[in-house]
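Just so you know, we're using this note's numbering here: the sequence shown kicks off at -4 and counts up by one. For glycine and all other residues, C-beta sits at the position ideal for the given N, C-alpha and C.
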Amino acid sequence: MDDGAVLLRCLINGHTDREEEARILDLLRDAPAGRLNAMLAGVDVEELVESVDDRLIGPDNRTRLLDLLCHRRVGELTTESLANVLHAVQAGPTGRQKEAAARAIVLSQRGEALTRLKEAADAHADGHDLEGLVFSDIDDDAIRRDILAHIAAEAAPLGTLGVKVLSDIDDTVFAVLHETRYPKGTLIPGALAFYDALDAGPAAAPIARTHVTFVTARPGDVFGLVEKFTLRSLRKAGIDRASVLTGAFGALLDKGDMADKKLQNVAHMRALFPEYETVFVGDSGQADPIVGARMVADHGELVRAVFIHDVVATPAAERAAQAAKGLAYIDTFVGAAAIAHGRGLISPGGLAGVIAETRDGLDRVEWSSPEQESAMRALVERDIAVAEG
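In C-alpha cells:
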C-alpha cells in the first residue's frame, strides 16, 4: 500500500481534530496525480469525507476537501477514484453540498469516460448506485436536470455502445413462486451465461463492461437493506456485476401498479444510459408481459428484445399474440440465446456458452422427482437442437 495511503488511514481513524484535518488536506493537495489516486484507492473515501468537518467557528474543511476532489484536481482522478468519491457523497444525508459535489464530478467527464464512470458508480454492492444517487439522494431538481442533460448530450455522439440488460429476479433467475419445473430456490440453468453473452455482445469487447440491472417487485426500504440482501444473493449465485432497482410495498398487491413501478425504474435507466439499447428479461407469472409490451410501445427500436420466461404454460395462441407485440416467450435460456444470436445480440461463442452452462446446470439441480428432471431435460434438448440446427 502507498505510504501516503497508510498515513491517510491513520489520520482518519477515529475522531479527527483541526490539526489532523489540515494534514489530511495538505497530503491530498500536495500529492502528485499518481500518488493521489493510490491514496484514494487505499482508504475508504466515505470515511475520508466524513472525517473532516465544516465548523461553526473555524475552518470549513469538508468544503475544502470536496472542492479539492471535485473541482481543483478532478481532472487528475481515475475512473475508480471518481466513482469512489461519488459513492462517498451518497452516504448519509445528501445536502446541497454533497449534491453539488456529485454534479461537479459527473459534469467533469465526457464521452466514453462518462460511460465508464457511470458503470463504475452503478456497480457498488451496498445499494448506493447511480439510479439511487440521481433519482433519490439528490433532492435539488435543478442539479438533477443538469446531470441528466449532460448525460444525454454526451451520449448522443457515441451512438449505440451495446445493450443494457434489465431483468426480473423471481421466477426469471431463480425458481421462486410460479416456476415449478425446478425445485424452489434453484438458479435457472443457463441464466448466468446468457447475461454474460449479452454483456459481451456479438463480437468486439464493449467500451465498458456493463452489468445486469435487476428490476424487481421486491419492495425497497429506507436503509437499502432489501437491495443489499438481493445483491448478496445474486453474488452468491455467481452474478458479480449487478445493480438492483426495487419496487414498493403497495405495488405488490396489483399487477398494474407493479408494472408501473418497474416501468418507472426502466425509464430511469434509459435516462442514465441512453448510449445503450435495452434487452428485458422477465417471466410470465406476474406483471412482466405488461412491462415488456409497454417498453416496446414506448421505446420502440431502442428495445432490442424482450424475453419472457414462461412459467405458467402459456398456450401457443397467446404466445403468438405476444410475439406480435415483440415479446419472445421462452422455456429455457438456450431458447433465449438462440433468438438473441439470430438477432445479432450475442456471438456464436456466447450461444455455445449458454448451451454448455445449461447442460452443466441441469446436472447440479437437486430434482424433486425423475419426472421433473426428464421433462426439463427434454425442453432443453429441444431448444439445443433448434440452436444448433
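Would A36 and N79 qualify as a contact pair, given that the criterion is a beta-carbon distance under 9 angstroms? Counted from its first residue, the sequence shown places residue 36 at position 41. Counted from its first residue, the sequence shown places residue 79 at position 84. Against a cut-off of 9 angstroms, the Cβ pair of N79 and A36 comes out as a contact.
Comparing alpha-carbon positions, which option in D55, D278, L267 lies nearest I164? What you label residue 164 is simply residue 169 of the sequence shown in a count that begins at 1. I164 has its Cα closest to that of D278, out of D55, D278, L267.
Comparing alpha-carbon positions, which option in R289, I325, R314, V286 lies nearest R302? Against the sequence shown, residue 302 aligns to sequence position 307. One point to set straight first is that residue 302 is Phe, not Arg, in the sequence displayed. Looking at the Cα atoms, I325 is the closest of the given residues.
Return the chain-ordered list of same chain residues with a C-beta closer than 7 angstroms to the C-beta of F224, the five sequence neighbours on each side being excluded. For the purposes of this step, residue 224 is taken as residue 229 along the sequence shown, with counting starting at 1. At F224, the pLDDT of 42 sits below 50, so the modelled position is not reliable and the matter cannot be decided from this model.
Extent of the continuous alpha helix (DSSP H) run through I142: Locating residue 142 in the sequence shown gives position 147, where the first residue counts as 1. Looking at the DSSP string, the run of the alpha helix (DSSP H) that includes I142 is 136 to 150.
Short of 7 angstroms in beta carbon distance, which residues of its chain neighbour H119, apart from the five on each side in sequence? Order them along the chain. Along the sequence shown, one-based indexing puts residue 119 at 124. Cβ neighbours of H119 within its own chain (closer than 7 angstroms, five residues either side excluded): H82.
For P27, is the classification buried or exposed, using 16 other Cβ atoms within 10 angstroms of its Cβ as the cut-off for buried? On the sequence shown, residue 27 is found 32 positions in, with the first residue counted as 1. Exposed.
Which of helix, strand or coil does DSSP assign to H82? Translated into the one-based positions of the sequence shown, residue 82 becomes position 87. Helix at H82.
Determine contact between the segment 41 to 59 and the segment 4 to 12, defined as no fewer than three beta-carbon pairs at a distance below 8 angstroms. yes
Three-state secondary structure (DSSP) of L226: Within the sequence shown, numbered from 1, the residue matching residue 226 stands at position 231. Note that L226 has pLDDT 47, beneath the 50 cutoff, so the model's placement of it is unreliable and the number below is only indicative. In this structure, DSSP gives L226 a helical state, which the three-state scheme calls helix.
Residues bridged to G157 (per DSSP): Within the sequence shown, numbered from 1, the residue matching residue 157 stands at position 162. In the DSSP output, where bridge partners are listed per residue, G157 has Y271.
Is R299 closer than 9 angstroms to R338 when the C-beta atoms are compared? Here residue 338 is taken as the residue at index 343 of the sequence shown, counted from 1. Here residue 299 is taken as the residue at index 304 of the sequence shown, counted from 1. Yes, Cβ-Cβ distance for R338 and R299 is below 9 angstroms.
Top-ranked residue by Cα proximity to Q281, from I334, L297, D255, A262: Residue numbering aside, residue 281 sits at position 286 when the sequence shown is read from its first letter. Comparing Cα-Cα distances from Q281 to each of I334, L297, D255, A262, the minimum goes to D255.
Would the beta-carbon of R30 fall within 9 angstroms of that of D(-3)? For this step, residue 30 is matched to residue 35 along the sequence shown. For this step, residue -3 is matched to residue 2 along the sequence shown. With contacts defined as CB atoms closer than 9 angstroms, R30 and D(-3) qualify as a contacting pair.
Separation of A262 from D132, as counted between CA atoms: Translated into positions along the sequence shown, residue 132 becomes position 137. Translated into positions along the sequence shown, residue 262 becomes position 267. Roughly 17 angstroms separates the two Cα atoms.
Identify the residues that DSSP records as bridge partners of I300: which are they? The sequence position of residue 300 within the sequence shown is 305, counting from 1. First, the residue type needs correcting, since residue 300 is Ala and not Ile in the sequence shown. The partner list for A300 (beta bridge, DSSP) reads V274.
For a cutoff of 9 angstroms on Cβ pairs, would you count A17 as touching chain D? The chain labelled as chain D is not found in the depicted structure, where only one protein chain is given.
For T309, the three-state DSSP class (helix, strand or coil): Locating residue 309 in the sequence shown gives position 314, where the first residue counts as 1. DSSP places T309 in coil when its eight states are reduced to three.
Name the two residues that bound the continuous alpha helix (DSSP H) containing I325. The residue you call residue 325 lines up with position 330 of the sequence shown. For I325, no alpha helix (DSSP H) segment is defined; the enclosing uninterrupted segment is the beta strand (DSSP E) at 322 to 325.
Just how far apart, CA to CA, sit I341 and A333? Indexing the sequence shown from 1 puts residue 341 at position 346. Indexing the sequence shown from 1 puts residue 333 at position 338. If you take the alpha carbons of I341 and A333, they lie about 9 angstroms apart.
One question on the structure: do L153 and T208 come within less than 9 angstroms of each other, judged by their Cβ atoms? Here residue 153 is taken as the residue at index 158 of the sequence shown, counted from 1. Here residue 208 is taken as the residue at index 213 of the sequence shown, counted from 1. Cβ distance not < 9 angstroms, so L153 and T208 don't count as in contact.
Work out the CA separation of L357 and T89 for me, nearest whole Å. Against the sequence shown, residue 89 aligns to sequence position 94. Against the sequence shown, residue 357 aligns to sequence position 362. Looking at the two C-alpha atoms, the distance is approximately 47 angstroms.
Shortest alpha-carbon distance to V168 belongs to which of Y190, A147, A151? Locating residue 168 in the sequence shown gives position 173, counting from the first residue. The shortest Cα separation from V168 among Y190, A147, A151 belongs to Y190.
Where the alpha helix (DSSP H) containing H294 begins and where it ends: The residue given as residue 294 occupies position 299 in the sequence shown. Its alpha helix (DSSP H) spans residues 283 to 294.
For V69 and S103, which I take to be in contact (beta-carbon distance under 8 angstroms), what is that distance rounded to the nearest angstrom? Walking along the sequence shown from the start, residue 69 turns up at place 74. Walking along the sequence shown from the start, residue 103 turns up at place 108. Going by Cβ atoms, the distance from V69 to S103 rounds to 5 angstroms, so yes, they are a contact pair.
Sheet register partners of L182 (DSSP bridge): Stepping through the sequence shown from its first residue, residue 182 is reached at position 187. Answer by DSSP bridge pairing, in chain order: F169.
Are there 16 or more other CB atoms within 10 angstroms of the CB of R139, so buried, or fewer, so exposed? Here residue 139 is taken as the residue at index 144 of the sequence shown, counted from 1. It counts as buried.
Bridge partner(s) assigned by DSSP for D49: Taking the first residue of the sequence shown as 1, we reach residue 49 at position 54. According to DSSP, D49 bridges with D55.
Would the segment 314 to 324 count as touching the segment 177 to 196 if we require 3 or more Cβ pairs under 8 angstroms? no
Local conformation of S131 per DSSP, three classes: Here residue 131 refers to the residue found at position 136 of the sequence shown. In the structure shown, S131 sits in a helix (DSSP, three-state: H, G or I).
Quick one: is Q92 buried, meaning 16 or more other Cβ sit within 10 Å of its Cβ, or exposed? Locating residue 92 in the sequence shown gives position 97, where the first residue counts as 1. Q92 comes out exposed.
How many angstroms separate the CA atom of A151 from the CA atom of I350? Residue mapping note: residue 151 aligns to position 156 of the sequence shown, counting from 1. Residue mapping note: residue 350 aligns to position 355 of the sequence shown, counting from 1. C-alpha separation (whole angstroms): 36 angstroms.
Measure the C-alpha to C-alpha separation of G384 and A311 and round it to an integer number of angstroms. Position 389 of the sequence shown, counting from 1, holds the residue named residue 384. Position 316 of the sequence shown, counting from 1, holds the residue named residue 311. Rounded to the nearest angstrom, the two C-alpha atoms are 22 angstroms apart.
Apart from the five residues just before and just after Y271, which ones in its own chain have a Cβ nearer than 8 angstroms to its Cβ? The residue you call residue 271 lines up with position 276 of the sequence shown. Contacts found: T155, L156, G157, V158, K159, T205.
Evaluate C5 with the Cβ neighbour count: other Cβ atoms within 10 Å of its Cβ, from every protein chain shown; 16 or more gives buried, anything less gives exposed. Reading the sequence shown from its first residue, position 10 is the one you call residue 5. Exposed, because fewer than 16 other Cβ atoms sit within 10 Å of the Cβ of C5.
Can you tell me where the alpha helix (DSSP H) with Q92 in it begins and where it stops? Numbered from its first residue, the sequence shown carries residue 92 at position 97. Looking at the DSSP string, the run of the alpha helix (DSSP H) that includes Q92 is 91 to 103.
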